[in-house]
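Q: Chains as they are written, first to last, in my numbering: chain A, 221 to 641; chain B, 13 to 549.
Glycine is no exception: its CB is placed at the ideal position from the N, C-alpha and C atoms.
(1) With a threshold of 7 Å between beta-carbons, can residue 230 of chain A be considered close to chain B, or not?
(2) Interface residues of chain B around residue 641 of chain A at Cβ under 9 Å?
(3) Does any residue of chain A bring its CB to less than 7 Å from the CB of residue 365 of chain B?
(4) So, residue 414 of chain B versus residue 482 of chain B, is the Cβ gap smaller than 7 Å?
(5) Per DSSP, what kind of secondary structure is residue 123 of chain B in: helix, strand or coil?
(6) Using only CA atoms, which one of B:284, B:60 and B:545 lies nearest to residue 447 of chain B?
(7) Under a three-way DSSP split, which group does residue 213 of chain B fall into?
(8) Cα-Cα, which of B:351, B:434 and B:13 is closest to residue 174 of chain B?
(9) Which two residues bound the contiguous beta strand (DSSP E) that contains residue 331 of chain B?
(10) I'd like to check one pair, residue 550 of chain A with residue 603 of chain A: are the Cβ atoms closer than 7 Å?
(11) From which residue to which residue does the alpha helix (DSSP H) around residue 376 of chain A run?
(12) What's the C-alpha gap between residue 304 of chain B and residue 274 of chain B?
(13) So, with DSSP's three-state summary, where would you put residue 284 of chain A?
(14) Taking only runs of the beta strand (DSSP E) that begin and end inside the stretch 57 to 83 of chain B, which ones reach a length of at least 3 residues, in chain order?
(15) Fully enclosed by the stretch 372 to 425 of chain B, which beta strand (DSSP E) runs are 3 residues long or longer?
(16) Tell whether a beta-carbon distance below 7 Å holds between residue 38 of chain B and residue 209 of chain B.
(17) Step through the CB atoms of chain A and report whether any lies within less than 7 Å of the CB of residue 382 of chain B.
(18) Using C-beta distances below 6 Å, list every residue in its chain close to residue 466 of chain A, excluding the 5 sequence neighbours before and after it, in chain order.
(19) Check the C-beta distance from residue 286 of chain A over to residue 397 of chain A and give it rounded, since I have them as a contact under 8 Å.
(20) What residues of chain A sit near residue 338 of chain B, judged by a beta carbon separation below 7 Å?
(21) Could you tell me the distance, in whole angstroms, from the CA atom of residue 332 of chain B to the CA atom of residue 338 of chain B?
(22) On the three-state DSSP scale, how would you describe residue 305 of chain B?
(23) Closer than 7 Å, CB to CB, is residue 446 of chain B near chain A or not?
(24) Which residues in chain A have a C-beta closer than 7 Å to the C-beta of residue 503 of chain B? List them in chain order.
(25) Under the three-state reduction of DSSP, which class applies to residue 590 of chain A: helix, strand or coil?
(26) When DSSP builds the beta bridges, which residues end up paired with residue 346 of chain B?
(27) At a Cβ cut of 7 Å, what residues of the stretch 252 to 283 of chain A count as close to chain B, listed as they run along the chain?
(28) Starting from residue 493 of chain B, find everything on chain A with Cβ-Cβ shorter than 7 Å and list it in chain order.
(29) Taking any Cβ of chain B, which residues in the stretch 547 to 561 of chain A have a Cβ under 9 Å from it, in chain order?
(30) Quick one: which unbroken alpha helix (DSSP H) runs of 4-plus residues sit fully inside the stretch 474 to 561 of chain A? Chain order, please.
(31) How do the stretch 531 to 549 of chain A and the stretch 527 to 547 of chain B stand: do at least 3 beta-carbon pairs fall below 8 Å, yes or no?
(32) Please tell me whether residue 487 of chain B and residue 411 of chain B are closer than 7 Å, where the distance is taken between their beta carbons.
(33) How would you list, in chain order, the residues of chain B whose beta-carbon sits under 7 Å from the beta-carbon of residue 609 of chain A?
(34) Can you have a look at residue 154 of chain B and say buried or exposed, based on whether 16 or more other CB atoms are within 10 angstroms of its CB?
(35) Look at residue 526 of chain A and residue 510 of chain A and say whether their C-beta atoms are less than 7 Å apart.
(36) Tell me the DSSP secondary structure of residue 425 of chain A in three-state form.
Take a look at the structure:
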């Protein structure tokens with residue numbers, strides 16, 4: 221287990237180092253699909269330069285990272301490449317450990333149970349999916365701070381799986397501090413930890429509420445500490461509107477692979493606030509229904525939440541996508557129930573290839589216009605939504621089969637078809 | 013009041029004419045009594061000064077770009093478009109509100125659309141302009157006859173007598189460069205500066221093009237340039253003179269003036285000692301002879317090398333390709349053979365070109381030249397522009413290049429001008445400097461001097477103040493498709509609805525074994541059987 225993993229790490233590091241040194245790194249760090257105004261390395265350097273000039277980095281509209289990030293990079297700016305590669309490695313280790321713990325024991329239906337042999341290779345597959353995913357490589361070479369965000373979320377998942385409540389709350393508050401959306405990961409974390417401690421999820425039980433209060437206290441406490449620390453680092457509350465106001469109010473309409481930019485570029489002024497609220501609520505809105513449906517399966521809930529965040533957040537990049545795609549090998553046993561996987565993977569590949577082409581045609585050649593790029597954005601997001609809902613369907617179907625048996629028969633004895641009704 | 017007209021033939025074959033009108037107003041605003049005795053000072057401007065607590069005001073409307081390399085330095089520099097600089101009194105508290113009201117009132121007085129000046133293109137520089145200035149640069153103001161008429165109305169004699177008679181809009185606007193400006197400032201009445209009076213200067217600079225005006229022969233006359241003749245002197249003017257720059261004509265080989273005049277005067281202007289022939293319009297004698305006859309036949313041999321090269325000169329352009337990024341390059345030329353001097357560069361870039369200050373490089377002669385002072389105020393989206401001020405030392409006889417990278421923003425579809433593919437204008441950068449002078453400058457400010465040489469008072473003999481404006485830039489931004497708002501809203505909401513729909517289905521429905529629905533015939537049969545009360549098929 222260790223040997224193939226080490227080999228994999230070596231390959232991944234080599235690929236990244238080779239790309240860092242080549243002329244492609246400049247090109248990649250400018251791509252709008254890979255970096256967003258929130259995560260671009262150029263903006264981090266700009267923030268540091270403004271700090272050196274004695275101007276607050278938040279007085280302008282270029283820099284949108286949190287103060288802790290500035291200070292982290294202040295010390296690490298010379299070792300930036302190393303930092304990003306280390307975060308990648310950390311990410312991988314966490315995921316590997318997580319995958320080992322992920323499964324519980326399924327019921328009858330021998331075919332559906334995963335054999336230990338399969339399970340053994342899952343961490344390696346997860347690591348491979350994450351490290352060798354071209355999206356991750358691009359994100360790392362561009363030195364996008366998305367890699368750090370992913371590392372924090374991976375640490376959070378690891379600590380949740382291990383059952384460490386305090387660490388889980390701390391990492392979750394760090395992740396929320398970086399970008400607001402991981403707030404929705406509270407629910408799966410709570411569900412998993414309660415499951416692990418055998419607290420029944422029942423609104424009438426005192427232990428349920430008591431646990432929630434404990435977790436909320438730890439989470440809010442560490443969040444409060446981090447925010448106050450940021451205030452003392454820079455001496456003002458300027459960063460709050462610059463970071464969180466920016467994420468929520470979407471003033472910067474730089475094109476990216478998400479749905480927000482063109483929508484708000486073409487929005488009628490009168491309705492802008494309304495649709496802004498609708499789109500932001502859309503990200504948080506699926507938490508409660510998904511938690512209710514998946515309360516027995518918090519790990520899958522984490523996957524679903526991460527996917528929803530990555531698709532519907534205000535400034536998505538390919539780094540966010542690679543995070544939830546890394547989880548796919550964990551559910552490789554679902555592939556027999558997936559219905560659209562071929563279509564989805566073809567669309568995703570085609571869109572990834574078309575993004576740079578249509579960008580070039582719009583911005584450099586001038587022969588296309590923004591609609592072309594926007595169309596590919598739409599298609600890419602539809603493909604992601606199909607992927608996620610397909611996996612959800614497969615998961616629910618497997619659960620159904622686990623309960624009712626794999627080969628179902630209709631009343632007259634012929635082979636049954638299952639539909640959702 | 014004083015009025016002057018300076019005519020200077022330029023080496024490139026053009027004629028530079030500069031009108032200056034000055035009115036002094038003795039009054040003291042520090043006392044609270046209402047001032048109503050205006051005399052020659054225009055009432056509208058007087059009210060503006062008192063109501064908005066203005067200490068100094070400079071407004072200029074320019075069409076065309078001043079070509080320093082071909083024409084030399086202007087007497088009063090101005091950037092293309094409209095520019096407004098105001099210094100408020102220290103006692104003023106609400107600067108932003110007053111600024112807004114002031115711009116609206118001025119746009120009424122000058123019939124110019126100055127109400128486009130708002131916080132998104134207003135800056136407060138720290139050093140380039142004298143303290144507490146609020147300035148604005150807007151471009152692409154088409155200066156038209158509407159701006160000239162209200163400007164003429166502010167003159168004491170209007171356009172009825174004196175030099176202002178020559179200001180006829182058709183000929184003035186049919187020129188390579190045209191700039192009219194109003195400057196209001198307090199001046200000291202004596203050396204100790206115990207009392208101040210308000211000075212209103214109105215200047216009009218025009219550069220006429222030889223070929224453009226259809227002049228085949230090289231003969232100029234006042235009538236040919238302005239299509240007007242001088243009729244009578246302005247009765248309220250204490251002095252009314254025409255100066256013709258004859259420095260290049262010392263031997264009389266370039267051109268000859270007719271009628272000739274014995275009056276000569278010398279002045280040191282812009283670091284150069286120039287000789288002028290003077291025509292005094294208040295003398296009846298000169299008047300009689302020049303009303304129709306002032307001719308300046310000018311023949312131009314190519315003596316461009318004889319022109320004194322301007323010591324400070326600047327250019328600016330945008331480099332890069334595509335609509336995503338770009339670079340602003342500013343080139344500053346120091347043409348002095350052995351002296352280096354510092355210059356202050358002021359750049360105000362609109363917020364939609366996002367500057368990256370860490371990409372700022374300043375190189376002279378191929379080597380890095382670190383500026384000794386940098387003041388940078390980053391922009392805030394839709395609120396204020398970038399402000400960059402730098403003090404750079406220019407080595408002698410060199411070109412200094414300042415480069416800065418920027419990213420172009422995608423704006424909301426309502427924020428584009430009606431012709432979005434024309435591009436967006438970026439205001440000129442301002443380069444101010446004390447340039448070492450070859451000729452000793454005159455520091456005695458109380459002596460009577462021609463108006464055009466006394467606008468920027470020299471504090472020392474060895475240098476004079478120069479302000480150079482660069483070209484404005486025209487930058488293209490990526491545009492969304494303006495015909496698509498409804499389509500975009502529908503399509504994006506469709507995608508979000510696809511997500512919502514799939515997840516809703518999976519969350520609210522459960523798996524059931526599907527009973528195949530019977531064929532149409534059977535279904536109708538079942539309905540009939542149900543009606544009969546018989547069990548279905």
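A: In short:
(1) Within the first chain, residue 230 of chain A is the residue found at index 10, counting from 1. Not one beta carbon of chain B lies nearer than 7 Å to the beta carbon of residue 230 of chain A.
(2) Your numbering for residue 641 of chain A matches position 421 in the first chain. Simply 521, 522, 523, 524 and 526.
(3) The residue given as residue 365 of chain B occupies position 353 in the second chain. No, its Cβ sits nowhere closer than 7 Å to a Cβ of chain A.
(4) Residue numbering aside, residue 414 of chain B sits at position 402 when the second chain is read from its first letter. Residue numbering aside, residue 482 of chain B sits at position 470 when the second chain is read from its first letter. Contact check for residue 414 of chain B against residue 482 of chain B fails: the beta carbons are separated by 7 Å or more.
(5) For the purposes of this step, residue 123 of chain B is identified with residue 111 of the second chain, where counting begins at 1. Residue 123 of chain B carries a coil assignment under DSSP once its states are collapsed to helix, strand and coil.
(6) Counting from one through the second chain, the residue named residue 447 of chain B turns up at place 435. If we check each option's Cα against that of residue 447 of chain B, B:284 comes out closest.
(7) By one-based count along the second chain, residue 213 of chain B stands at place 201. Looking at residue 213 of chain B - three-state DSSP - the assignment turns out to be strand.
(8) Walking along the second chain from the start, residue 174 of chain B turns up at place 162. For the residues B:351, B:434 and B:13, the minimum Cα distance to residue 174 of chain B belongs to B:13.
(9) Numbered from its first residue, the second chain carries residue 331 of chain B at position 319. Here the beta strand (DSSP E) through residue 331 of chain B covers 324 to 331.
(10) Counting from one through the first chain, the residue named residue 603 of chain A turns up at place 383. Counting from one through the first chain, the residue named residue 550 of chain A turns up at place 330. In this structure, the beta-carbon distance from residue 603 of chain A to residue 550 of chain A does not fall below 7 Å.
(11) Within the first chain, the letter at position 156 stands for residue 376 of chain A. Note, residue 376 of chain A: alpha helix (DSSP H), 366 to 382.
(12) On the second chain, residue 304 of chain B is found 292 positions in, with the first residue counted as 1. On the second chain, residue 274 of chain B is found 262 positions in, with the first residue counted as 1. Confidence at residue 304 of chain B is low in this model, with a pLDDT of 40, below 50, so its placement is unreliable and the value that follows should be read with caution. If you take the alpha carbons of residue 304 of chain B and residue 274 of chain B, they lie about 19 Å apart.
(13) Position 64 of the first chain, counted from the first residue, corresponds to residue 284 of chain A. In this structure, residue 284 of chain A counts as coil in the three-state DSSP scheme.
(14) For the stretch 57 to 83 of chain B, whole beta strand (DSSP E) runs of length 3 or above, ordered along the chain, are 66 to 75.
(15) The stretch 372 to 425 of chain B contains these whole beta strand (DSSP E) runs: 385 to 389, 398 to 406 and 410 to 420.
(16) For the purposes of this step, residue 38 of chain B is taken as residue 26 along the second chain, with counting starting at 1. For the purposes of this step, residue 209 of chain B is taken as residue 197 along the second chain, with counting starting at 1. Yes.
(17) For the purposes of this step, residue 382 of chain B is taken as residue 370 along the second chain, with counting starting at 1. Among the CB atoms of chain A, none fall inside 7 Å of the CB of residue 382 of chain B.
(18) By one-based count along the first chain, residue 466 of chain A stands at place 246. Taken in chain order, the residues that qualify are 284.
(19) Working through the first chain from its first residue, we reach residue 286 of chain A at position 66. Working through the first chain from its first residue, we reach residue 397 of chain A at position 177. That belief holds up - the Cβ atoms of residue 286 of chain A and residue 397 of chain A are roughly 6 Å apart, short of 8 Å.
(20) Numbered from its first residue, the second chain carries residue 338 of chain B at position 326. None at all; the shortest Cβ gap to chain A is about 12 Å.
(21) Position 320 of the second chain, counted from the start, is the residue given in the question as residue 332 of chain B. Position 326 of the second chain, counted from the start, is the residue given in the question as residue 338 of chain B. Straight through space, the alpha carbons of residue 338 of chain B and residue 332 of chain B are spaced by roughly 5 Å.
(22) Position 293 of the second chain, counting from 1, holds the residue named residue 305 of chain B. Caution applies to residue 305 of chain B, whose pLDDT of 43 falls short of 50 and renders its modelled position unreliable; the value that the coordinates give is listed next. Of the three classes helix, strand and coil, the one that applies to residue 305 of chain B here is coil, per DSSP.
(23) By one-based count along the second chain, residue 446 of chain B stands at place 434. Taking 7 Å as the threshold, the shortest C-beta distance from residue 446 of chain B to chain A does not fall below it.
(24) Looking up residue 503 of chain B in the second chain gives position 491. Those within 7 Å of residue 503 of chain B in chain A are 598.
(25) As a working mapping, residue 590 of chain A is identified with position 370 in the first chain. The answer is helix: DSSP assigns residue 590 of chain A an H, G or I state.
(26) Along the second chain, one-based indexing puts residue 346 of chain B at 334. DSSP output for residue 346 of chain B lists B:324 and B:410 as bridge partner(s).
(27) So the close ones are 262, 265, 266, 269, 270, 273, 275, 279, 280, 281 and 282.
(28) By one-based count along the second chain, residue 493 of chain B stands at place 481. Against chain A, a Cβ distance below 7 Å from residue 493 of chain B picks out 589, 590 and 591.
(29) Answer set for the stretch 547 to 561 of chain A: empty.
(30) Within the stretch 474 to 561 of chain A, the complete alpha helix (DSSP H) segments at least 4 residues long are 480 to 485, 492 to 505, 507 to 513, 518 to 532 and 538 to 545, listed from N- to C-terminus.
(31) Between the stretch 531 to 549 of chain A and the stretch 527 to 547 of chain B there are fewer than three inter-stretch CB-CB distances shorter than 8 Å, so the stretches are not counted as touching.
(32) Counted from its first residue, the second chain places residue 487 of chain B at position 475. Counted from its first residue, the second chain places residue 411 of chain B at position 399. One thing to note: residue 487 of chain B has its Cβ no nearer than 7 Å to the Cβ of residue 411 of chain B.
(33) As a working note, residue 609 of chain A is residue 389 in the first chain. Per Cβ cutoff of 7 Å: 514, 515 and 518.
(34) The residue given as residue 154 of chain B occupies position 142 in the second chain. Low confidence applies here, because residue 154 of chain B scores a pLDDT of 46, under 50, leaving its location unreliable and the question unanswered by this model.
(35) What you label residue 526 of chain A is simply residue 306 of the first chain in a count that begins at 1. What you label residue 510 of chain A is simply residue 290 of the first chain in a count that begins at 1. No, the pair does not count as a contact, with Cβ atoms beyond the cut-off.
(36) Start at 1 with the first residue of the first chain, and residue 425 of chain A comes out as number 205. For residue 425 of chain A, the three-state secondary structure derived from DSSP is coil.
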